[in-house]
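First up is the structure itself, then whatever we jot down about it.
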Amino acid sequence: MRISVIVPVYNVSAYLPRCMESLLGQDASDVEILLVDDGSTDESGALCDRYAASEARVRAFHKVNGGLSSARNYGLRNASGDYVVFVDSDDYVDKEMCRVLESRIQEACGADMVSYDGWEETEKERSSMRRIPVEEALVESGSAYLLRNYRNRNLNVEACLYAFRMDFLREESLLFREGILHEDVEFTPRALLKAKKVLTIPDGFYHYMIREGSISTGRSRTKNIEDLFATLGEQCALAEQQEPELCRWMKNAILDSYLNMIYDARMYRPQYRHYIEKSFLRGKAATLWNHFRAALCMLSPRLYCLMNDLYKRLR
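This is the structure in structure tokens:
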């Protein structure tokens with residue numbers, strides 16, 4: 000079994016060596032590493048070429064800057080593996096990741112997608128990316144996986160926490176939507192709804208590094224809000240096509256994301272207030288807590304944010 004590792008690269012010359020050390024140390028039988036230089040303006044492109052020249056497992060590609068989704072899709076079109084995983088170039092993985100994935104997939108007789116754990120890390124703290132740990136391997140349909148994790152508020156949408164069967168992605172024409180932020184929020188549920196067999200394993204491999212200046216921590220919020228709210232609107236339409244129970248909990252998760260963005264971006268501020276559609280907050284809550292949150296936000300987004308601050312301090 001060959002595993003393709005796709006690494007989008009953009010101006011990360013300070014971080015790429017740590018990422019590559021973790022990937023070149025993989026002890027699986029057959030691994031290829033695709034470095035997709037997305038128009039870097041620092042030394043990242045040259046670094047990619049040096050790795051490709053010195054390591055037979057590494058292939059370097061260079062393209063005009065198009066964003067993370069564009070780089071991932073470019074990698075998918077050039078990957079030759081049976082399964083593919085995505086690693087951001089400023090993150091790193093445990094060196095047994097590919098070997099354990101290969102073993103787990105063979106034990107389960109294959110899967111369209113494999114879900115695993117990781118750690119969110121800063122210079123001072125580290126926490127599991129799963130809210131609820133998994134004790135043993137579990138096989139289910141993608142719809143069942145979504146329902147279980149929506150109910151538990153335990154769905155990880157980060158593409159870096161999944162391995163994908165290449166033929167599954169090709170058969171279902173699954174690519175990342177280009178030109179948007181929150182691409183994983185859009186892509187992962189859509190892929191899971193297509194998956195007939197999802198393998199969840201207890202193992203954790205991925206180290207997601209939080210650093211100042213990354214897209215996820217950047218100060219500009221307008222495109223974040225616009226892209227996320229557009230995606231959530233599309234997912235509401237997708238939820239309507241599902242069985243009633245999955246529809247109910249999927250909408251509850253959509254509401255969660257909408258409310259979280261209102262709080263994170265302090266959208267009571269004049270420059271953001273017009274993005275809030277109070278009608279979107281109605282009819283989606285599946286829990287009493289979300290009923291309360293939505294009602295409070297409809298009453299006053301500012302009060303909703305202040306109450307969230309108070310709740311966090313009391314916790």
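Under numbering that gives the first Met the number 0, the very last position in the sequence shown is 314; numbers go up by exactly one each time. Don't be surprised by glycine CBs; every beta carbon is placed ideally from N, CA and C.
Boundaries of the beta strand (DSSP E) in which M128 is found, first to last residue: Here M128 belongs to no beta strand (DSSP E), and DSSP marks it neither H nor E.
Please return the same chain residues whose Cβ sits closer than 7 Å to the Cβ of Y267, not counting the five positions on each side in sequence. Closer than 7 Å at Cβ, skipping near neighbours: P300, R301, C304.
Give a yes or no on contact between the segment 6-21 and the segment 34-42, applying the rule of three or more CB pairs nearer than 8 Å. yes
I253: which of A236, E122, N64 sits nearest, CA to CA? A236
Note down the Cα distance separating R218 from E106, rounded to an integer number of angstroms. Bear in mind that the predicted position of R218 carries a pLDDT of just 48, short of 50, making it unreliable; the figure below should be weighed with that in mind. In this structure, the alpha-carbon of R218 lies about 45 Å from that of E106.
Can you round the beta-carbon distance between D26 and R210 to whole angstroms, since I take them to be within the 8 Å contact cut? Going by Cβ atoms, the distance from D26 to R210 rounds to 28 Å, so no, they are not a contact pair.
Three-way DSSP call (helix, strand, coil) for Y50 in this model: Three-state result, Y50: helix.
With DSSP as the reference, label T216 as helix, strand or coil. Model confidence at T216 stands at a pLDDT of 44, short of 50, so the residue's coordinates are unreliable; what they give is reported in the following sentence. Residue state, collapsed to three classes: helix.
Beta-bridge pairing of E120 - partner residues as DSSP gives them: R125, M208
Assigned exposure category for K250 - 16 Cβ within 10 Å defines buried: Classified as buried, K250 has 16 or more neighbouring CB atoms from the shown chains inside 10 Å of its CB.
Fully enclosed by the segment 178-208, which beta strand (DSSP E) runs are 3 residues long or longer? 197-208
Whole angstroms are fine: how far does the CA of F186 sit from the CA of S215? Only weak support exists for where S215 lies, its pLDDT of 45 falling under 50; the coordinates are left without a value.
Leaving out five residues before and five after F85 in sequence, what residues of the same chain have Cβ atoms less than 7 Å from its Cβ? I5, R71, A158, C159
Which value, in whole angstroms, describes the spacing of the CA atoms of F204 and V99? 9 Å
So what does V63 bridge to, in DSSP terms? In the DSSP output, where bridge partners are listed per residue, V63 has none listed.
Where does the unbroken alpha helix (DSSP H) through S142 begin, and where does it stop? 141-150
Quick one: is L15 buried, meaning 16 or more other Cβ sit within 10 Å of its Cβ, or exposed? Within 10 angstroms of the beta-carbon of L15 lie 16 or more other beta-carbons, which makes it buried.
Ordered along the chain, which non-local residues of its own chain (more than five positions away) have a Cβ less than 7 Å from that of H206? D90, Y91, V92, G117, W118, E120
On the CB-based measure, 16 or more other CB atoms within 10 Å of its CB, does W288 come out buried or exposed? exposed
Buried/exposed call for V138, threshold 16 Cβ in 10 Å: Exposed is the call here.
CB A59 to CB Y50, shorter than 8 Å? yes
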